[in-house]
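Numbering (my numbering), first residue to last: 9 to 212.
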Amino acid sequence: MLDPSVRPDRPLTDLLRASADAGAKVFQYRNKTASMKDAYADASALRKVASEMGVTFIVNDRCDLALAVDADGVHLGQGDLPYGYARMIMGKSKLIGLSTHNRDQVKEAETLKPDYIGFGPVFKPGSKQDHDPVVGIEGLRAIRSLTALPVFAIGGVTLENVGKVMQAGANGVAVISAILDASDVRRAVSGFVGRMKVSTSPAS
9 MLDPSVRPDR PLTDLLRASA DAGAKVFQYR NKTASMKDAY ADASALRKVA
59 SEMGVTFIVN DRCDLALAVD ADGVHLGQGD LPYGYARMIM GKSKLIGLST
109 HNRDQVKEAE TLKPDYIGFG PVFKPGSKQD HDPVVGIEGL RAIRSLTALP
159 VFAIGGVTLE NVGKVMQAGA NGVAVISAIL DASDVRRAVS GFVGRMKVST
209 SPAS
């Protein structure tokens with residue numbers, strides 16, 4: 009996830025390139041404080057680099073911004089535009105992801121059929137203070153049987169625990185601090201990719 013508040017000392021485009029070089033395939037731009045004009049400038053530059061690198065680029069929260077830069081999709085939180093309206097705006101060809109934090113939200117997502125869901129926080133997030141209750145590895149394992157949708161684990165995922173997260177049934181992970189705060193971003197991403205590849209993902 010690309011958030012300028014986490015690593016303000018380095019251009020997001022550099023972080024995207026380094027991460028993509030190391031094997032990351034999906035990137036999400038998140039900026040909770042920028043004006044639409046500034047967010048558009050950032051997202052436009054990132055969209056261009058993502059296209060060059062052949063990776064998927066998604067915008068957090070904002071359907072209008074996602075469409076303005078022709079992003080591959082949008083990721084919605086529980087407090088964002090309802091999924092049905094977002095799908096009408098984005099069209100059938102764009103990806104839409106939905107954050108979920110408990111069993112009921114996962115069950116609802118299964119009926120809505122977004123392209124994927126995020127679930128968590130599995131651990132205490134390093135980049136967010138006002139987060140939902142931590143669900144733990146057992147919480148992740150418990151919801152795996154509730155949906156056939158791809159599940160991306162969110163919240164506090166690190167190199168040390170990513171193997172357990174994948175073994176609990178995640179299809180992927182959303183990472184911010186463990187990568188953006190790393191002194192060597194390429195090495196950090198390579199570590200995640202390597203451990204995710206050797207981990208198994210049981211269906212339940």
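In this text, a Cβ means the ideal position worked out from N, Cα and C, and glycines have one as well.
This structure is a prediction, so every number in the text was calculated from the model and none was measured.
Integer-rounded CB distance, given that residue j should sit under 8 Å from residue i
i	j	result
alanine 159	alanine 178	Note that residue 159 is valine in the sequence shown, not alanine. Correct: roughly 5 Å between the Cβ atoms.
arginine 111	isoleucine 151	6 Å
alanine 182	methionine 9	6 Å
Length of the line joining the Cα atoms of residue i and residue j
i	j	result
valine 142	proline 133	9 Å
serine 209	glycine 202	At serine 209 the pLDDT is 40, less than 50, meaning the model places this residue with poor confidence; the figure from the coordinates comes in the next sentence. One C-alpha to the other measures close to 14 Å.
arginine 149	lysine 205	19 Å
glycine 62	glycine 147	34 Å
isoleucine 97	cysteine 71	7 Å
alanine 211	asparagine 169	Low per-residue confidence applies at alanine 211: pLDDT is 45, beneath 50, and the placement is therefore not dependable, though the value from the model is reported in the following sentence. Taking the straight line from one Cα to the other gives about 19 Å.
lysine 33	aspartate 11	17 Å
alanine 54	asparagine 39	One detail in the question is off: residue 54 reads as leucine in this sequence, not alanine. Each residue's alpha carbon lies about 13 Å from the other.
glutamate 116	asparagine 68	20 Å
proline 16	threonine 41	13 Å
glycine 171	glycine 180	11 Å
glycine 214	leucine 167	Only positions 9 to 212 of the chain appear in this structure, which leaves residue 214 out of reach.
serine 59	glycine 31	15 Å
leucine 106	proline 122	7 Å
leucine 24	valine 165	19 Å
tyrosine 91	serine 52	24 Å
threonine 64	aspartate 22	16 Å
arginine 93	leucine 120	Inspection of the sequence shows that residue 93 is occupied by tyrosine rather than by arginine. Distance between the alpha carbons of tyrosine 93 and leucine 120: 12 Å.
leucine 20	tyrosine 37	9 Å
alanine 79	alanine 186	25 Å
glutamate 118	arginine 95	15 Å
serine 153	glycine 87	25 Å
serine 43	arginine 18	20 Å
phenylalanine 35	aspartate 140	22 Å
isoleucine 66	leucine 89	16 Å
Cβ pair residue i, residue j closer than 7 Å
i	j	result
phenylalanine 127	threonine 155	no
glycine 163	valine 130	yes
valine 57	leucine 188	no
alanine 28	arginine 194	no
leucine 157	isoleucine 125	yes
alanine 161	valine 173	yes
Closer than 6 Å: residue i CB and nearest the ligand PLP heavy atom
i	result
histidine 83	With respect to the ligand PLP, the structure shown offers nothing to examine, as it has no ligands at all.
Cβ pair count under 8 Å reaching 3, the region 48 to 60 against the region 82 to 102
no
Do the region 99 to 108 and the region 61 to 75 meet, that is, are 3 or more Cβ pairs less than 8 Å apart?
yes
Practice prompt. Write down every uninterrupted run of the alpha helix (DSSP H) in the region 98 to 182 whose length is 4 residues or greater and which is fully enclosed by it, in chain order.
Written response: 111 to 120, 144 to 151, 170 to 175
Which runs of the beta strand (DSSP E), 3 residues or longer, sit entirely within the region 23 to 66? 34 to 37
Sequence ranges, alpha helix (DSSP H) only - wholly within the region 76 to 100, length at least 4 = 91 to 98
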